[in-house]
Every structure is written in C-alpha cells, then in structure tokens.
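From first to last, the protein sequence lines are chains A and B. The first sequence begins at 781 in our numbering and counts up one residue at a time. The second sequence begins at 781 in our numbering and counts up one residue at a time. By construction, the Cβ of each residue, glycine as well, lies at the ideal position given by its N, Cα and C atoms.
Number of protein chains: 2
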Amino acid sequence: MSKPVSRREFLNLIAATGGVATVLGIGGALGLIPASTSASVPNLMALNGQRKRVVILGGGISGLTTAYELGKAGYDCTVLEASHRCGGRVMTLRHGDLIDEIGNPQICQFDDEPHLYFNCGAARIPSSHRNVLNYCKELGVELEMFINENKHALVHDPELNGGKPMRNIDISTNLKGFMGELMFKGFSNAELDQPFSDAEAEKLLAVIRQFGDLNADGRYAGSSRNGYAEGGFISDGVQREMINIRDLLKADTGLLRSVLLENEGETAPMLMQPTGGMDNIIKGFTRQLDGKIEYHAMVAGVYDHGNMVHVLYDKDGERHRLEADYVFNCIPAHLMVGIDANFPEEYRTAMKQIRRGEAFKGAFQMKQRFWEDEEIYGGITWTNQPIRQIWYPFHGLLKQKGVMLAAYDYGGGSGFMRMTHEERIEAMLTQGEKIHPQYREMAEHGVTIAWHRMNHMLGCSARWGAMTAENEAHYNTLQQPSGRHYFIGDQISRKAAWMESAIQSAHWAMAHMDQRVRAEAGV
Amino acid sequence: MSKPVSRREFLNLIAATGGVATVLGIGGALGLIPASTSASVPNLMALNGQRKRVVILGGGISGLTTAYELGKAGYDCTVLEASHRCGGRVMTLRHGDLIDEIGNPQICQFDDEPHLYFNCGAARIPSSHRNVLNYCKELGVELEMFINENKHALVHDPELNGGKPMRNIDISTNLKGFMGELMFKGFSNAELDQPFSDAEAEKLLAVIRQFGDLNADGRYAGSSRNGYAEGGFISDGVQREMINIRDLLKADTGLLRSVLLENEGETAPMLMQPTGGMDNIIKGFTRQLDGKIEYHAMVAGVYDHGNMVHVLYDKDGERHRLEADYVFNCIPAHLMVGIDANFPEEYRTAMKQIRRGEAFKGAFQMKQRFWEDEEIYGGITWTNQPIRQIWYPFHGLLKQKGVMLAAYDYGGGSGFMRMTHEERIEAMLTQGEKIHPQYREMAEHGVTIAWHRMNHMLGCSARWGAMTAENEAHYNTLQQPSGRHYFIGDQISRKAAWMESAIQSAHWAMAHMDQRVRAEAGV
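Right under this line is the structure:
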C-alpha cells in the first residue's frame, strides 16, 4: 500500500516549482474577458506527447471538469459513470426523462417544449461562482437570470392572516416600519457607544426614517411601498392599511427571516441559470469529451501500486480493468466505502465521516401560468408546510404552461422520503392549494425526487457537520491524495451542494497532481 | 365653441348605460391567461359597420394604444406623428439611428448587433404594470427580466472610503448590522406602546438578530453576508472586516437611501424589458396599424364644431385637413398651447400648468464587459456625481461588448443639458473613471440625449407638481374632453413617466368616448 503524499511534502513540491500562485493561477484563454483573480483553474503543464493515463470515477461535474482540463493538457482520460447519464446532482428533467429513484422510478411526462423543464438538483448559479460562469462562457452555455427573491410572491403560515397567504412585500414593508420605529427609539433613548455629531445623527435618523417609511417624528403609519390598494395611475393611489406588528409576529420566525433576508448570502442576487436547463453545463462538458465517457460502468475496485493504480469496473455483464497514472474520484465517499480498494486505514476511516443530505424536490407542470395573473413573475413563495417553497418559473414568461417547483425540503425531516410517489403528489397538492386555490386543478404531470434514494448517489450534498478538530483532520486526510488516488467533488469542500465547490475541488486536486508531474519531469 | 362634457354629465351617461364597471372592464381575449382585474382596457362597443372617424395627434404609446383599440372596435383611425418615428419617449437607439435633439443631432454609432442597444427613454416595466404586460403578450413582444438592484454593484461618493467605490452589499450589510443593534437597544430600553408576550418578544429579537446578523447579545461584529475576503469553497472563508458606522455615514444620505431601498416602490422587482429593446412594444403596435400612421405630419390646428372636429396638419410642404368624430391628443400640452385651436379658456389655462421634466441620459458602447469580470451582472451603481447612475446591461451576458447607461440625471440640475455633446461625453468619462479605472479606455460611441431639447417633445415626463386644489381642478379639466377632443398621455395621469400611465389615460378617454357613442346609439 502506498503512502499518501503529506501536506508537508506537497508544500515542498510547490516550493520546488515556483509556489502555489503559479499553479492555482489564472483562468486565461476565456476569450476577451480578462481572466478573473478568483478563477481557480490550474495552469497545468502540457504533456507534449508524454503519455499519462487518468481514470475518473464518476461523471459528476467535478469529474467532468477533471477530464476536460486534463484532456486539454494532453492527458488520456476515461470517465467511468455508473448511470445512464452524467451530471450527478446536476440534473434537468424534460419530456421522457427517467428519474432513477430506487423504488420510485418515473418517466417525466412534461409536454415536449423547451421551456417545460425542471432543474431537480442544482438550480442556481450565484454571480460570485466564477468558475461555473467561466465554464459556461468557455463551453458556449447561454445564461439567463434566475429570479430568487420576488417581493410580490407569497408567504403562508396557518397562524398568519388566518391562514390566507400574504404578499411578501406587505409583510416586509410593515415589518420594516416597526423596525424603523425601534431604531428610532434605540437611537433616541439608549446610550450609544459611539458619540455622533449632530450632522451624523441627523443623517442616521434620515436613513432610519427612509428605511421604515416613518413620519418626521419617527412613527410608522403605513406606506405605499407595498403598492396601492387601488388606483395610482389615473386616479390617486389609495394606501393599503397598515398591518400591526403583533399580527405579523404570528408567523413562524423562519418565514419572517426569509422575508427580510432572502436577498442575502449565497443566494443573493445576481443568480443565473443556463437558458433551457442546468444540464446544458453538463452537455457543454460532454460535447468536449466525445468517446471518453463509459456509461453504465460500475466501479468494482481501486488499487494503488505506488507507480500506477488499477481500476476494475463492470459493464454489460463483463469485468474490465484499466491502468492509470492517476485516479480522480467523485463517487460519494459513503458509497466508495463499499467498493474494494487498498486505501490506508486513516483514509478509509475519514471516508466514513461524510454524511449526506436527504433533500427532496417535487414539481408540477401547470396547465396555465396562473401566478403571472397574480403579478408574480419568478421567485419563491415561502410556507412553513413541509413543501417549504414554491418556485415560479420566470422562463417561458407569458407562455401558456410552466413547470413549478412544488416542494423543496432540504432538511430531510418532512417524511416526503418515506412516501410513495402518489402520496408525495397528494401532499404537494394539498399543501399547494392552501396557497393557490386553483393549484390542484392546474397541476399535471408531477415529478418527485428523493435524492438519498437516487440510484448511484444515495444522498444529496455532502454533510461534514461541525468542523471539530477530528473532522478537520479527516477533511485534510481526504483532500490529500492516497497515493495516486484523489477524491474530488463537493464532498471535498467547505461549501457542499454547490457546483462551484465541486469544480474548485477538482482544480485543487489537479494542481496537486500537476506538481507531482512537474517534479517527476524535473521542471 | 363647444362646451366640454362635465364630470356630472359623464356620470349621468355612465349611469344610463350600466355603470363604469361595464366600461373600465376586463382585458379579455388575451389568450389563455385569465384576464386581470387590474387591466383597464375598456369594453368598447363595436361599431359594426357604422362609420366613425378618429384622428389621433401624436404616435406616443397612448396614441398608439388608442388607434389600436379603436381600430379593433371598427373605428377609422389616423395617427398624425410629427417625427420620423413613433414612440415618443419610448425610444431605443441602435446602429444608425438618429437622435433628433435640437442643436445636437447625432447618429448612433453602436456596432450593428442585436444586444447593442440603448433604451434612452422608458427602460423598465414593473410587474404591477399590467396593461403594458398584457399588450406585450397580445402583440407578441418577448420579455426578459430587467435587473435594477444588484448588491454587487458599486456606490461611489468622494467622501466615502476615500473616494474609492464600495460594493453596495458591503455598505448594506454593515449598515444593517448597526441598525440591528439600534433596534435591539430600542426594544430593550425603550418603553413600547404595545406590550409583547415573552414569546412575541423572543421572536422579534430573533428576527432583529437575523436582520443585523447580530450576536446573541445583540452586538454586530461583521458578517459573511457580504461574501468572504477570500476562500470559502476549498478552504474556510475569511470574513471581511466590519465597517464602522461612522465611516458609512460619510456617504450622501441619498446614496445610503439607495443602498437600503432600491428594492422598494415602483422599481421594486420584478422589472422586465422587451428582449432586444423597449421600442419592440412600439413596433408591436405599429405592425397592427399599417397605413394608419402619417409621419412628418405637423398638426397646425384643432377645431371642435360640436358635431365634428377638424384638424389641420402640414406634411411635405402642404396643408391637409381631416374631419373626425373624435380627436385623441398626446401632444405634450405645453406644445399644444402653441398650436391653433378653439379650446375653451379654462382648458387652455389648464394646459399651461403642466410642466415637463428635463431628464438627461447618456450611454457608451463598451469594448469589453469589464463589469462582469468584477462579478457585476446587471444592476445600478450609484454615485453622487452628476451622472448619478451607471446601469450595467445584463442582456448580452458573456458577449464581448455591451451598451452601458453612463448618466441618468432625472433632476435636471446637473448642467448636462447646457453642454455640447462633446462636453457631455467628457463629463461622463471623467466621472465614470472615478468608479471604474478602465472606463475611458473601454468607452466608445457615446450617445447623449437631453429630453427637453428633443424635437417634437421638448420635455421629458409631465410634472404637475404638488396636487393643490388649483392643480386638482386643472387636472380634472384636462382629463375631461373639450367637446370632441381628449387629451391623453402620461400628462393626464397621477404617475407621470410610466408607459402604464399613458396607456391607462388612453383607456380612460376611450371609455369616456364609448359612453357617448353608446348614448348616441341609444344602447
């Protein structure tokens, strides 16, 4: 059994070859746009005819990134993908597609139209995810805006407004009004740590008044920021009634948080999506990997021999053997534990630490885009029912039909996973019609997907849990190679569930390997 | 001289024919989407072969709406447009287009590509502007999202951060942190008007902590909501430094307001724009009005004779005369004052009350979309320099070039109007490069437009000023017809500058006329 390259050895390697800046360098070659400093694609040494064989286990986005980049540098790559498709949790459902959930296989019955698709896994690209965006550009994947926050979408809680959904903007406007009053009081009455000049205090109070739409004396008495009850164009607008804070406080804390904060963090604007479906990114990669991907190839063994590594896999009832200089592996570690390999014990122990999320998503094709008639164009409606969210598609605007996300349970506690497909559909309808009365009548061709039961994955995003010293050690162990074997994927990142993390993990591993190749070549 | 129909007479007419609900009714016939209750298009009585001639003065969007709707009902319509184009302040500049500013005519030099255009007038459609959206659907105008707010865009003030632009999200996150602290203090220390139960108080404090990203004890110490200074995917994210409130308060109050509130009111999400340019709406109308529009037709006189109205206009050096049953007029009232007409004195006095905005807009074609390399995708950068705003185009994402709004002075106080074209361009460059160092190098083919000098318009949106009793009376006078003459356009609305207002004014006037036609017909 070979010994993993230690962190110290790696640092020595890097020192010997010019430092990490030369490796984790600049995207480059991305057309006319100057390369980004946050792009992480490594400047791999081109092999120039030297033969290096790489086997990539799994056709998730980290595996495809690896095959694509190493292919450009002259490596001979093979991707072994167990499923009938690449992409892993980057998956788009369209007319006729198989949902390969164990015990619940479905064929998607959406109408066969370009705008009728469902991104049942990855669904959003934040604008800070530079590597994903760079690949979209490089691979010719057209992007459009994804609408996450829409103040005209709804909030539903049985305790709020007698169970009748409220517009997000009606809650947020009134909540901010009350908050503004609190700030005003806080500023006026409390002893502040910082002394403000009169000019500063005046400015701050002006900003607070603006924030809450307060009167000059710091009182909130309703606002027209949430639109008029009627009129506004030809006749004067009639202000909506002010909503008392106590009525708003009947809502679930999580929902109030969503109303105030959906605009923050990783899902803050701007978010994007590929026009026509998230898997256009996968297709962008696979177009470049013609003949290099083996589908229905089940990995049966991975054995590092110090100077090479060999991989066994089963396909069409036969066992195959590949020899490689390096192996990159995005098979979920909790599945890899069950596959024969000669990993060191420390590595194997670490593999067992990565738990997996149990996200559930469901969607309906809707016969009519009834939400647009309620002035909702894209965005999320929040509810504290188990479905949690409804996503209104913006794409296909003003067309007849649309595919709506009808449930997104990322907590795993809702019981959707234990239901049959029919029970899930009924639960989605029952909960959905509490928000939109016409929901059941409009819904057709429902799909449901429980990621922890999806074939060849058996889990959603990696979950490391709290980064205790022990977990930190395990993480470091798995980030380092075991001999010539590298783990990649969002499982080897600090921000699981994002394509960007999976891609950066592949970049990191390739940069590490590149150092070894350069060292061997004496450059 | 004929007497205008009074409000009372109009109400009597309505009472006689079934009430306003039958008139200001439902959009209907908009395909499969149920008609909206907020659509204002009137249910006009079809003429069924009865001949009624209507002359429409001005091919702005209210005039085109009138010609389109009356045409559907069987009216014989002619639009007299003084300019070479319809649309008025709905104007899109592309390669080769004339900017007909008096004393500053320009031909737009943008490259001839579909994504290189500039909406130099109307540029945003709020999702609550139902009539605009309905016409887009009805006329086959494809829509896409317009990105107004982008927390990754910048804020610039010479007093703030030593004049170096800051990201909007860095200001808003830290400002909210301080505001959260104030609320916490306000809640803890001040006497509240409403007594809260323990559960309510706990919930409110939780929401406040979430709002500001505060510690459990109500303190703000920085946040990761504005992204990490580095890392976050493969390595742990490093939090950005907290910014002191006193440093933020160096910014202009208006800028701080923009940071906190650009998400509110009429320009709150969702905003839309026609794919390819705002004037696709105009083209949508004019496609339906083939042969009904006279261009270069200068109205010279409007004379109401009680049973008909006649219009004089000059075209190709000749005077023409048209007789009509009704005239709808969207010529700006302050220009109409100078055109011969037999309006009653009260009407003429009211016309003189409508002032006009002096908005200025400028744009550059940019050689590269450098903003996307700074992770800015669409949205607005705010500055307290005279240019006020920079708008980054989202359309054309990842292409090489883009057309950027480089100045938008809606206040009229900046002096841009009094500059030559060359001086304006230089001012836009000088101010722009304070925000983006590469600005001057990247900018090409600048266009500038001062709306109060635009030929045939001589002003931007109507400005009624405060609605004093006197102005209210004038408004009512002009909303009512003078005999068979109706004023339309955003000048006859409570929310000038929006296409929706112009359209609703046309709907209102047509509904009024329809009542008269029905009364005459005895139905």
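- Here the C-alpha atom of residue 911 (chain A) lies approximately 24 Å from the C-alpha atom of residue 1222 (chain B).
- Listed by position along chain B, the residues whose Cβ is nearer than 7 Å to that of residue 1273 (chain A) are 1013 and 1014.
- Following the DSSP letters along the chain, one finds residue 847 (chain A) inside the alpha helix (DSSP H) bounded by residues 841 to 852.
- No Cβ-Cβ contact shorter than 8 Å links residue 1143 (chain B) with residue 1167 (chain B).
- Three or more Cβ pairs drawn from the segment 1087 to 1104 of chain A and the segment 819 to 839 of chain A lie within less than 8 Å of each other, which places the two stretches in contact.
- In this model, residue 1162 (chain A) and residue 1170 (chain A) are separated by some 7 Å (Cα to Cα).
- Taken through DSSP and simplified to helix, strand or coil, residue 1053 (chain A) comes out as strand.
- If you draw a 10 Å sphere on the C-beta of residue 978 (chain B), you find fewer than 16 other C-beta atoms in it, and that means exposed.
- In the DSSP annotation of this structure, residue 1171 (chain A) is not part of any alpha helix (DSSP H); the continuous beta strand (DSSP E) holding it starts and ends at 1169 to 1172.
- Residue 904 (chain A) sits in coil when the DSSP states are folded into three classes, being neither helix nor strand.
- In the displayed model, residue 936 (chain B) falls within a strand according to three-state DSSP.
- Across the structure, residue 1230 (chain A) and residue 1239 (chain A) are spaced so that their CA atoms are roughly 8 Å apart.
- At a beta-carbon threshold of 7 Å, the residues of chain A lying near residue 983 (chain B) are 1029 and 1033, ordered along the chain.
- Distance from the CA atom of residue 1025 (chain A) to the CA atom of residue 924 (chain A), rounded to whole angstroms, is 38 Å.
- Residue pairing by DSSP places residue 1150 (chain A) in no beta bridge whatsoever.
- A distance below 8 Å separates the beta carbons of residue 936 (chain A) and residue 1215 (chain A).
- Counting C-beta atoms within 10 angstroms of its own C-beta, residue 1136 (chain A) has 16 or more neighbours from the protein chains shown and is therefore classed as buried.
- With contact defined as three or more Cβ pairs closer than 8 Å, the segment 845 to 862 of chain B and the segment 1289 to 1296 of chain B are in contact.
- Taking a Cβ-Cβ cut-off of 8 Å, the neighbours of residue 927 (chain A) in chain B comprise 925, 1049 and 1050, given in sequence order.
- When the alpha-carbon of residue 1114 (chain A) is set against those of A:888, A:944 and A:1269, the nearest one is in A:1269.
- Residue 903 (chain A) does not reach chain B, its nearest Cβ partner there being about 16 Å away, counting only Cβ pairs nearer than 7 Å.
- Contact between the segment 908 to 922 of chain B and the segment 1278 to 1285 of chain B is established, with three or more Cβ pairs separated by less than 8 Å.
- When secondary structure is reduced to three states using DSSP, residue 888 (chain B) falls in the coil class, being assigned neither helix nor strand.
- Listed along the chain, the chain B residues whose CB falls inside 8 Å of the CB of residue 987 (chain A) are 955, 1033, 1036, 1037 and 1040.
- Taking a contact as a CB-CB distance under 8 Å, the pair residue 1159 (chain A) and residue 1172 (chain A) counts as one, their CB atoms being some 6 Å apart.
- Residue contact check for residue 1157 (chain B) against chain A: a CB pair falls below 8 Å.
- Contact check between the segment 1122 to 1138 of chain A and the segment 881 to 891 of chain A: fewer than three CB pairs, one atom from each, fall below 8 Å, which does not count as touching.
- Look at residue 1032 (chain B) here: in three-state DSSP terms it is coil, with no helix or strand label.
- Chain B has no Cβ within less than 8 Å of the Cβ of residue 825 (chain A).
- Taking the C-beta atoms as reference points, residue 841 (chain B) is found no nearer than 8 Å to residue 1111 (chain B).
- Sequence-distant partners of residue 866 (chain B) (beyond 5 residues in either direction) whose C-beta falls short of 7 Å from its own C-beta, in its chain, are 839, 844, 1062, 1066 and 1073.
- The beta carbon of residue 946 (chain B) sits closer than 6 Å to the beta carbons of 935 from its chain, once the five residues preceding and following it are set aside; these are given in chain order.
- Taking a Cβ-Cβ cut-off of 7 Å, the neighbours of residue 963 (chain B) in chain A comprise 959, 962, 963 and 966, given in sequence order.
- At a cut-off of 8 Å between beta carbons, residue 910 (chain B) contacts chain A.
- Exposure of residue 885 (chain B) is indicated by the presence of fewer than 16 other C-beta atoms within 10 angstroms of its C-beta.
- Taking the C-beta atoms as reference points, residue 864 (chain B) is found nearer than 8 Å to residue 1075 (chain B).
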